[in-house]
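Here's the structure, in structure tokens; my notes come after.
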Amino acid sequence: MAMIKKLSVWIAFLLVMLALPQFSDSILSVSIYNQMAIAIIFALSYNMLLGQGGMLSFGHAVYFGLGGFLAVHTLIMMEFETVYFSIIWIPLVGGLFGLLAAIFIGSFSTHKAGTVFAMISLGIGELIAASSLIFVGFFGGEAGVSGDRTFGPPLFGVEFFQDVEIYYVAAVWVFIATVFMYLFTQTPAGRMANAVRDNPERAEFIGYSARRVRFISFCASGLFAGIAGGLFALNYEFITEENLNAATSGRVLLMAYIGGLGYFIGPILGAVILTLMNSLLSNYSDLWMLYLGIMFLLTVLFLPRGFAGFIMMHQVAWLKGSLKNLALPYLITCIPAILFLVGAIGMLEMSHSEDAIFHFLGMELDTSSTITWLAAIIFTLGSLFATSKSLPQLRDAWEEANTIPEVVKEDES
Amino acid sequence: MLEVFIFATLNGLVTGLLLFMLASGLTLIFSMMGVLNFAHASFYMLGAYFAYSISLQFGFWLGLIFAPLIVGCLGAAVERYGLRRVHESGHVAELVFTFGLAFLIEEAIQFFWGPDTKNYQSPDILDFPLFTLFGQEFSAYRGFMIGVSVLIFIGLFRVLTRSRIGIIIQAAITHPNTVANLGHNVPLIFMGVFGVGTALAGLAGVIAGPVLTTFPGMAIVLGSIVFVIVVIGGLGSLAGAFIASLLIGLLQSYAIASDVGMPDLLNFLGVSFERDHPLNDLWTMTLPQIAPILPFLLLVLVLIFRPTGLMGNREE
Chain A
1 MAMIKKLSVW
11 IAFLLVMLAL
21 PQFSDSILSV
31 SIYNQMAIAI
41 IFALSYNMLL
51 GQGGMLSFGH
61 AVYFGLGGFL
71 AVHTLIMMEF
81 ETVYFSIIWI
91 PLVGGLFGLL
101 AAIFIGSFST
111 HKAGTVFAMI
121 SLGIGELIAA
131 SSLIFVGFFG
141 GEAGVSGDRT
151 FGPPLFGVEF
161 FQDVEIYYVA
171 AVWVFIATVF
181 MYLFTQTPAG
191 RMANAVRDNP
201 ERAEFIGYSA
211 RRVRFISFCA
221 SGLFAGIAGG
231 LFALNYEFIT
241 EENLNAATSG
251 RVLLMAYIGG
261 LGYFIGPILG
271 AVILTLMNSL
281 LSNYSDLWML
291 YLGIMFLLTV
301 LFLPRGFAGF
311 IMMHQVAWLK
321 GSLKNLALPY
331 LITCIPAILF
341 LVGAIGMLEM
351 SHSEDAIFHF
361 LGMELDTSST
371 ITWLAAIIFT
381 LGSLFATSKS
391 LPQLRDAWEE
401 ANTIPEVVKE
411 DES
Chain B
1001 MLEVFIFATL
1011 NGLVTGLLLF
1021 MLASGLTLIF
1031 SMMGVLNFAH
1041 ASFYMLGAYF
1051 AYSISLQFGF
1061 WLGLIFAPLI
1071 VGCLGAAVER
1081 YGLRRVHESG
1091 HVAELVFTFG
1101 LAFLIEEAIQ
1111 FFWGPDTKNY
1121 QSPDILDFPL
1131 FTLFGQEFSA
1141 YRGFMIGVSV
1151 LIFIGLFRVL
1161 TRSRIGIIIQ
1171 AAITHPNTVA
1181 NLGHNVPLIF
1191 MGVFGVGTAL
1201 AGLAGVIAGP
1211 VLTTFPGMAI
1221 VLGSIVFVIV
1231 VIGGLGSLAG
1241 AFIASLLIGL
1251 LQSYAIASDV
1261 GMPDLLNFLG
1271 VSFERDHPLN
1281 DLWTMTLPQI
1291 APILPFLLLV
1301 LVLIFRPTGL
1311 MGNREE
């Protein structure tokens, strides 16, 4: 029964992904789907390191980027007919190169976890990013390298001219990669990775080399990062230094962390949320990176287990059947909180706007008038005050919903 | 040849001492709280921007005094209301928090000051050549930078080793519980050290802003190098940070000033390659070209062969 339940989750995951273009297949949405697919694999591979292996990396984009570069070079080779195979295998090419790079770099960087590992990864990330501007032959300098995915043999008559065709390839790769990464967590290697993360000393005492365990996780993570890089190359048909520098490494850390490190589904959530924010918010506001930064800090401060952790917090209440008692208290807190957000965002946008009249939620605000500002400040502070006043009732409801009745406790003992 | 060498040394000294101002705060904070502050260079950038805004109204000298103070207060607030809270979630969360803070500060600076480079000027009084050597001028402002850095270095050393508060700080690094039992407010000391560390970074920003240009990317340019220094010098070692700062400053300065490269080495060895050799980029590499990656190369080598750094004795 549990088996069927698990299987049905996976099948639903695959079906949702394959059905996405049926809902909307405009160029914008397909481009968002593709970005999501790439981000999901990349974020999951990062979680293999940080979430499951306890290795904080500041240079994970290296494996993504190297895989992507080799994938683009393979596309170029196809153009000159040096190699000839269906382009659906391109992500695997990227993955194998990512694996190769991870084997080489992991052989010396996985001695220790913690700060030493973080610093080595930072150093190597900077080293590779800087040398990509020196070795122009492979990395193409600032312009990067570009290829053309339509030179490979057609697959069932599909020649991959359109992005939506790539999306189906990407969806299948996401599914395969996710399944394998999930299965990895269930293998002894994956379990030992957790043990080494939590207490390397104990793991060594029962006869496992902490370094070897880390090395295996590291290589697997490099493989999947490379697959994501290969998908990137297939989707955009070009890749530049930007895709392996510190900014990309930082972005994947943001995704995994906001989503929730401790849970397998966390990075998937993070990848979806951040990609959506990236593509939708950036159309409306120049300030979206600022909002992202604020959101990230708030997540670290108040939701240390990320969004997935926030959802999982409700498990007890759900099992107890008291989740519905929380709905009203949540609503009471959410309304002023959303009003506060609207006020704060409005004020930020107003001060950033260069026009005299600022259009916000159907209102026309005069950015130079003191009255507008005063009203905005009162509105924002008022809703903040209301939010803080509404917190105690939420806390009480939370306590109530999560208290396990005495009877159940006796049952357990 | 000699003039190139002398000027490279002087420039390396300026950079090295500047780097030390950042590295000293970072390494102090690390030895106290065991957290590598990713946002340290962002406080340096904040220092430059605050000083720029103050200098527009009140001139350079008031900026030199007040900008580091503001940055220090901000830093103390970050420790009090941010880091202390995250501390419960463990080391990784702390690192990630400072990483996010660096990200946020960069965005906030673009929000308040805009994405363009600011015309932050050094004061007119220091706008003369300090001395002329082989027909090249060495500006008084660079001399002033060296002076301030050396003063800070001496001051920091004296405070830490000779004053009562310095002794308490040193004790709090190794035995925080004992120090707390003796009646000292250890969290307050932590906050103070964080504030002073960030204020030092701010001061470095104030004096570096006019020379290294004040723009929103200035934290990234210097940030990772400061990390390299702290790690190479040995985490938590002030003396190590000093040596590593000068080492990196001079190394980069010499590499940029030199004009040797792989072609010279190959000539010396009597080897030659065709122009269309696949590794052509490697055979034509020059030392000035790879100057930016030298610190990172050094970092990786040090971490592999001596993970504790040059002067560090902290085993994880």
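If you read the sequences in order, they're chains A and B. If you count the first sequence from 1, position 257 lands on 257 in the numbering used here, and the numbers rise without skipping. If you count the second sequence from 1, position 233 lands on 1233 in the numbering used here, and the numbers rise without skipping. Ideal Cβ placement from N, Cα and C applies to all residues, glycine included.
A/N243 is positioned such that its CB atom lies no closer than 9 Å to that of A/A130.
Remark: three or more beta-carbon pairs, one from each stretch, lie closer than 8 Å, so the segment 392-402 of chain A and the segment 310-330 of chain A are flagged as touching.
Secondary structure of B/V1260 (DSSP, three-state): coil. A Cβ-Cβ separation of about 11 Å leaves B/Y1044 out of contact with B/T1214 under the 8 Å criterion. Only residues of its own chain outside the window of five on either side were considered, and among them E1003 have a CB closer than 7 Å to the CB of B/F1134, listed in chain order.
Those residues of the segment 121-140 of chain A placed with their C-beta closer than 7 Å to a C-beta in chain B are L122, G123, I124, E126, L127, A130, S131, I134, F135, V136 and G137, ordered along the chain. The Cβ of B/A1199 sits no closer than 9 Å to any Cβ of chain A. Counting the other Cβ atoms within 10 Å of the Cβ of A/E142 gives fewer than 16, which makes it exposed. Distance from the CA atom of A/L223 to the CA atom of A/L99, rounded to whole angstroms, is 4 Å. For A/L292, the closest Cβ of chain B is nearer than 9 Å.
The residue from A/D366, A/Q315, A/L303 and A/F310 with its alpha-carbon nearest to that of B/E1088 is A/L303. Contacts between B/S1253 and chain A, judged by CB atoms closer than 7 Å, are missing: the closest CB pair is about 17 Å apart. Look at the beta carbons and you see the segment 57-71 of chain A not touching the segment 184-197 of chain A: under three pairs across the two are nearer than 8 Å.
Distance from the Cα of A/T387 is smallest, within the candidate group A/E126, A/I338 and A/E237, for A/I338.
By the Cβ rule, the segment 1006-1022 of chain B does not count as touching the segment 1068-1080 of chain B, because fewer than three pairs are nearer than 8 Å. Contact between A/V164 and A/P21 holds: CB atoms are separated by about 6 Å, below the 8 Å threshold. Taking A/L287 as the centre and dropping the five residues before and after it, the same chain places the C-beta of L348, E349 and H352 closer than 7 Å to its C-beta, in chain order.
The DSSP-derived three-state label of A/E204 is helix.
Annotation for A/H359: L365 place their beta carbon closer than 8 Å to its own, counting only its chain and skipping 5 residues before and after. The C-beta of A/A327 has fewer than 16 other C-beta atoms within 10 Å across all chains shown, which makes the residue exposed.
Taking 8 Å as the Cβ-Cβ cut-off, the segment 238-252 of chain A approaches chain B at A246 and G250, given in chain order. For A/L281, not one C-beta of chain B is nearer than 9 Å to its own C-beta. The alpha-carbon separation between B/P1307 and A/L394 amounts to approximately 49 Å. Residues of chain A whose Cβ lies closer than 7 Å to the Cβ of B/L1064 do not exist, since the nearest Cβ in that chain is about 29 Å away. Per DSSP, the continuous beta strand (DSSP E) segment holding A/I357 begins and ends at I357 to F360.
If you compare the alpha carbons of B/F1030, B/I1293, B/M1311 and B/T1286 with that of B/M1191, the shortest gap goes to B/F1030.
Note that the C-beta distance between A/A233 and A/G147 is below 9 Å. The shortest CA-to-CA distance from A/M363 to any of A/I377, A/G346, A/I378 and A/W10 is the one to A/G346. Not one beta carbon of chain B lies nearer than 9 Å to the beta carbon of A/H314. Taking C-beta atoms as the reference points, A/M36 and A/T275 count as a pair closer than 9 Å. In this structure B/V1228 does not touch B/A1241 by the C-beta definition: roughly 11 Å separates them, more than the 8 Å allowed. In terms of beta-carbon proximity, A/Y257 lines the interface with chain B, with at least one pair separated by less than 9 Å. The contact set of A/T387 on chain B, defined by CB atoms closer than 9 Å, is empty, because the minimum CB distance reaches about 18 Å.
With 16 or more neighbouring CB atoms inside 10 Å of its own CB, B/G1236 falls in the buried class. The criterion of a C-beta distance shorter than 9 Å is not satisfied by A/L254 and A/F307.
Shown here for A/I88: same chain residues with a beta carbon closer than 7 Å to its own, the five before and five after excluded, namely L155 and V169 in chain order.
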